[in-house]
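Chains as they are written, first to last, in the UniProt record's numbering: chain A, 1 to 343; chain B, 1 to 343; chain C, 1 to 343. Idealized CB from N, CA, C, for every residue including glycine. The structure presented is a predicted model; accordingly, all values stated were derived computationally and were not measured. Each remark here refers to the structure printed beneath this line.
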Amino acid sequence: MAKTNPGRFFEDYTVGETIHHAVPRTVSGGERALYHALYPARHALYSSDEFARGCGLPGSPLDDIAAFHVVFGKTVPDISLNALANLGYAEGRWLKPVYAGDTIRSTSEVIGVKQNSNGKSGVVWVRTRGFNQRDEVVIEYCRWAMVRKRDPETPAPEAVIPDLAKVVGPAELVIPEGLDFSNYDFTLAGEPHRCGDYEIGETIDHVDGVTVEEAEHMMATRLWQNTAKVHFDTGSRPDGQRLIYGGHVISMARTLSFNGLANAQIVAGLNGGTHANPYYAGDTIKAWSEVLDKAETPAPGVGAIRLRLVATKGGAPFELKGEDGKYLPHVMLDLDYWALMPV
Amino acid sequence: MAKTNPGRFFEDYTVGETIHHAVPRTVSGGERALYHALYPARHALYSSDEFARGCGLPGSPLDDIAAFHVVFGKTVPDISLNALANLGYAEGRWLKPVYAGDTIRSTSEVIGVKQNSNGKSGVVWVRTRGFNQRDEVVIEYCRWAMVRKRDPETPAPEAVIPDLAKVVGPAELVIPEGLDFSNYDFTLAGEPHRCGDYEIGETIDHVDGVTVEEAEHMMATRLWQNTAKVHFDTGSRPDGQRLIYGGHVISMARTLSFNGLANAQIVAGLNGGTHANPYYAGDTIKAWSEVLDKAETPAPGVGAIRLRLVATKGGAPFELKGEDGKYLPHVMLDLDYWALMPV
Amino acid sequence: MAKTNPGRFFEDYTVGETIHHAVPRTVSGGERALYHALYPARHALYSSDEFARGCGLPGSPLDDIAAFHVVFGKTVPDISLNALANLGYAEGRWLKPVYAGDTIRSTSEVIGVKQNSNGKSGVVWVRTRGFNQRDEVVIEYCRWAMVRKRDPETPAPEAVIPDLAKVVGPAELVIPEGLDFSNYDFTLAGEPHRCGDYEIGETIDHVDGVTVEEAEHMMATRLWQNTAKVHFDTGSRPDGQRLIYGGHVISMARTLSFNGLANAQIVAGLNGGTHANPYYAGDTIKAWSEVLDKAETPAPGVGAIRLRLVATKGGAPFELKGEDGKYLPHVMLDLDYWALMPV
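Given below as structure tokens:
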């Protein structure tokens with residue numbers, strides 16, 4: 001019996017099945033420090049226990065995107081080892097903050113399959129949930145990927161295409177228990193802009209750029225125990241280049257967005273996301289945002305802002321797609337998320 | 001209203017004003033581990049809780065220079081985003097050790113301004129203080145930088161040049177509460193040399209060298225939430241090179257100085273410092289020290305030693321300035337500090 | 001008096017002497033997070049406090065190989081600063097897990113010396129022990145290295161060659177107190193294979209590869225406070241290359257072996273090891289294992305498996321030595337160890 005994990009192929013997924021992913025992970029101050037070393041992370045709520053307490057939380061949680069990476073990384077050996085492309089995200093929600101000392105594990109429920117017409121691959125939809133040690137769901141999101149078939153001759157399964165929401169409704173966002181922005185300290189947070197200061201349609205060029213090194217993206221990707229060969233082994237792709245984990249781009253863009261969105265403290269919902277183009281060491285990543293929507297929340301002083309976050313390598317800000325409707329070649333990421341912000 | 005921070009220009013500083021810097025930071029064992037990964041840090045007091053307890057402290061504090069970086073990093077968006085040069089330091093003192101769990105924030109009081117004769121820039125002097133969550137000052141130091149004017153036509157402010165001490169008097173050094181070197185373990189510390197074994201004027205070549213990589217200096221600089229573009233973005237300077245944060249050189253030189261100064265455990269005072277030449281990835285940094293002075297302290301077994309610490313990239317040790325009185329091109333740093341050492 | 005440490009030379013070692021190494025180290029969650037960032041570490045017992053508790057331990061210890069590095073790193077300034085080669089290991093045992101908050105120090109007893117026939121160097125054998133803050137031995141192992149003589153004219157000491165066991169007997173392995181694999185969760189661990197599923201002589205290709213960067217191996221080596229110049233300074237060797245610390249290869253190979261040996265959770269014994277060839281940044285490391293032996297242990301559900309772990313840079317798996325009996329040039333490491341695994 002072969003002992004190593006060859007990963008799952010398209011025909012290994014059955015709608016309704018729940019996959020229990022391996023390697024639970026306890027997080028500590030170490031993960032927080034590394035997140036600050038790997039990314040220009042400055043949102044005050046994730047940097048200071050005192051600031052977080054001033055916002056009604058018991059202390060500073062692990063950055064929401066870092067928590068997402070922990071949950072996501074566990075799914076890679078079961079979902080994306082034989083994936084040809086990570087196609088999209090939907091219905092993502094952060095349900096509980098993750099604190100130092102928490103232990104996270106993940107499961108994925110298969111919610112859809114559809115074989116491609118070429119018979120060589122298919123699309124698999126999963127709903128992934130991250131749990132803490134009290135079996136509380138901390139994060140859930142849907143994701144779909146194109147996965148190779150083991151054998152092109154296997155008959156196609158019945159297509160099941162899940163009906164996923166285009167956007168998480170603001171009423172469905174879960175506010176961390178106790179969150180209160182009534183006494184929010186804008187000086188310590190770094191910017192004066194409230195939710196009310198942003199207009200729907202407004203765009204923000206986040207100005208700063210980071211040129212990425214191989215050592216950095218590999219350390220980040222390993223930290224989340226993402227094991228896909230293409231990120232680590234120069235021999236795994238014909239061009240000899242290591243592909244940067246899409247989540248590295250998400251973290252870099254989100255932390256760069258501090259400059260202009262310092263008060264978009266908490267990521268609460270993930271409406272959608274596209275990894276539009278690949279990204280390699282040596283590229284300089286910049287980011288811009290567009291305000292898509294705003295909403296009220298029941299928590300004191302807490303508003304919600306829906307943002308498009310775009311990561312680029314070159315080009316001018318605010319460019320997204322060409323006349324053909326396709327992403328421009330310098331656009332790497334187009335993410336649609338909800339953040340919580342002082343009203 | 002533009003949402004991103006353009007940084008302050010020379011005309012934005014008023015003598016007497018106190019700037020409250022953003023993004024407080026809680027430190028943990030993660031910052032300590034990263035400091036040990038990024039630098040050859042081996043001073044026993046910052047490595048071992050047991051050793052620190054043997055010296056009368058409650059546990060091992062964050063390395064003093066790391067604590068300095070945390071305080072300094074917060075000042076960058078307000079002080080040096082538009083700085084042309086970081087000109088000097090004076091009157092630096094470490095007033096309280098920083099422990100895991102402490103939350104640090106910084107303020108800077110503007111204590112001097114002087115426009116340059118070209119009308120395009122000026123020198124700004126600030127006294128920066130780092131506070132912990134109990135509002136105790138943990139570090140204070142003066143720093144001056146040359147800052148661009150927004151508009152050369154703005155009239156020059158009245159020049160105020162602060163009268164800064166050339167050296168912190170040994171009686172002004174603050175000894176951490178409880179510090180006692182009476183039972184100091186020289187074997188575990190790594191060297192037998194007491195304060196009394198060093199002579200004023202003595203020079204020490206620290207022998208070891210480190211060739212620096214881009215990923216390392218960027219991780220270090222981000223860890224302190226220093227956001228100056230020139231350290232991260234190859235597109236931010238005409239030569240396409242990322243300038244290494246001067247503090248990276250300070251940490252590298254100080255930790256290299258373990259070899260010969262292993263018992264200069266605690267940094268207590270910063271008399272002055274010059275970042276003499278820029279530093280880039282690929283350079284190999286070495287260090288040498290000169291004993292400038294020695295003093296007694298009231299704490300049992302604790303002496304003070306005043307050291308010049310010089311970081312170089314090439315050249316011979318103990319060379320500093322040329323016949324023209326200027327720093328030699330391979331000298332990167334000339335730092336003047338007080339350390340606490342067993343008598 | 002010269003203040004810097006020139007390291008010991010062959011004539012400085014006396015059989016029977018115990019060297020107390022400097023710079024004790026307290027570990028925290030930071031070291032664990034960095035280990036996960038620097039290596040593809042996924043063994044569940046070192047990743048999750050909850051998983052470790054399910055196996056009868058009070059929490060997740062520091063990875064055994066990381067604990068080994070902490071102990072080993074302290075010996076470098078006294079043992080291998082003037083070493084020409086690290087020749088071998090024997091009689092290694094992990095006696096107590098290391099937990100966050102523990103402080104580790106090391107001693108080495110000189111157990112053998114033998115001058116080489118060229119008169120310029122000799123072999124030194126030491127038995128190194130790592131202690132925690134309760135003076136309990138956490139790790140012990142023998143190691144021998146070829147060390148330069150200071151003066152070729154010094155007469156040779158009487159040769160003492162220790163009689164070291166070829167293999168640690170399974171009865172001598174120390175099982176961590178409380179360890180119980182009766183309720184082991186194979187799903188969370190990542191693979192279904194029990195000790196009984198492996199056959200003696202079976203070989204496993206661990207499939208994955210990692211191309212290593214300078215920044216990564218330097219950060220890892222510094223984290224263990226290993227200060228040998230050859231790892232850091234491009235000027236320290238005629239070829240201008242930084243030699244990668246042999247322990248970096250051990251950690252990389254051991255963590256890569258997760259894929260096929262996910263349940264070989266705990267490293268309990270080190271029978272031997274050879275750093276067969278040097279290793280540089282840019283090399284892609286892969287690993288394969290061979291099952292050498294299996295044994296029972298008195299702990300509930302806990303078996304022992306003896307493994308050969310081979311790290312390579314190129315070549316086909318399962319190749320080891322050429323017809324001349326020498327290691328093939330692409331073999332970097334040949335390690336022989338005992339691991340604890342569910343029966």
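CB contact below 7 Å: residue i versus chain A
| i | result |
| --- | --- |
| residue 208 of chain C | yes |
| residue 187 of chain C | yes |
| residue 227 of chain B | yes |
| residue 211 of chain C | yes |
| residue 33 of chain C | yes |
| residue 223 of chain B | yes |
Burial state of residue i (16 or more Cβ within 10 Å)
| i | result |
| --- | --- |
| residue 171 of chain B | exposed |
| residue 30 of chain B | buried |
| residue 316 of chain B | exposed |
| residue 294 of chain C | buried |
| residue 69 of chain B | buried |
| residue 190 of chain A | buried |
| residue 313 of chain B | buried |
| residue 237 of chain C | exposed |
| residue 318 of chain A | exposed |
Proximal residues to residue i (C-beta, below 8 Å), its chain only, five neighbours per side dropped
| i | result |
| --- | --- |
| residue 333 of chain B | 246, 249, 250, 253, 273, 274, 275, 276, 309, 310, 311 |
| residue 57 of chain C | 45, 97, 176, 178, 179 |
| residue 36 of chain A | 47 |
Own chain residues within Cβ distance below 7 Å of residue i, not counting five before or after
| i | result |
| --- | --- |
| residue 154 of chain C | 11 |
| residue 34 of chain B | 223 |
| residue 9 of chain A | 82, 147, 148, 149, 150 |
| residue 219 of chain A | 38 |
| residue 330 of chain A | 312, 313, 314, 315 |
Beta-carbon separation (whole angstroms), residue i vs residue j, contact threshold 8 Å
| i | j | result |
| --- | --- | --- |
| residue 343 of chain C | residue 196 of chain C | 6 Å |
| residue 164 of chain C | residue 137 of chain C | 18 Å between Cβ atoms; not a contact. |
| residue 167 of chain A | residue 86 of chain A | Not really, about 20 Å apart at Cβ, beyond 8 Å. |
| residue 15 of chain C | residue 161 of chain C | About 10 Å; that fails the 8 Å criterion. |
| residue 26 of chain A | residue 28 of chain C | No, residue 26 of chain A and residue 28 of chain C are not in contact; Cβ-Cβ is about 13 Å, not under 8 Å. |
| residue 210 of chain C | residue 233 of chain A | 6 Å |
| residue 258 of chain C | residue 43 of chain C | 6 Å |
| residue 173 of chain B | residue 93 of chain B | 7 Å |
| residue 302 of chain A | residue 64 of chain A | Going by Cβ atoms, the distance from residue 302 of chain A to residue 64 of chain A rounds to 15 Å, so no, they are not a contact pair. |
Test: residue i CB closer than 7 Å to a CB of chain C
| i | result |
| --- | --- |
| residue 167 of chain A | no |
| residue 4 of chain B | no |
| residue 36 of chain B | yes |
| residue 26 of chain B | no |
| residue 291 of chain A | no |
| residue 200 of chain B | no |
| residue 341 of chain A | no |
| residue 260 of chain B | yes |
Cutoff 7 Å: residue i Cβ touching any chain B Cβ
| i | result |
| --- | --- |
| residue 20 of chain C | yes |
| residue 215 of chain A | yes |
| residue 29 of chain A | yes |
| residue 103 of chain C | yes |
| residue 81 of chain C | no |
| residue 424 of chain C | With chain C covering only 1 through 343, there is no way to say anything about residue 424 of chain C. |
| residue 111 of chain A | no |
| residue 23 of chain C | yes |
Close-in-space but distant-in-sequence residues of the same chain around residue i (CB under 6 Å, 5 per side omitted)
| i | result |
| --- | --- |
| residue 130 of chain A | 71, 104, 106, 138, 139 |
Selection of the region 233-258 of chain A by Cβ proximity to chain C, strictly under 9 Å: Going along the region 233-258 of chain A in chain order, one finds 233, 234, 235, 236, 242 with a Cβ nearer than 9 Å to chain C.
Going along the chain, which residues of the region 39-73 of chain C sit with their C-beta nearer than 9 Å to a C-beta in chain A? Those residues of the region 39-73 of chain C placed with their C-beta closer than 9 Å to a C-beta in chain A are 39, 40, 41, 42, 43, 44, 47, 48, 49, 50, 51, 52, 59, 60, ordered along the chain.
Under 7 Å (Cβ pairs) to chain B, residues found in the region 121-145 of chain C: Here the close residues are 133.
Chain C contacts made by the region 172-196 of chain B, where a contact means CB separation under 8 Å: Listed in sequence order: 187, 188, 189, 190, 191, 193.
Quick one: which residues of the region 274-290 of chain B get their C-beta closer than 8 Å to a C-beta of chain C? List them in chain order. Taking 8 Å as the Cβ-Cβ cut-off against chain C, the residues of the region 274-290 of chain B that qualify are 284.
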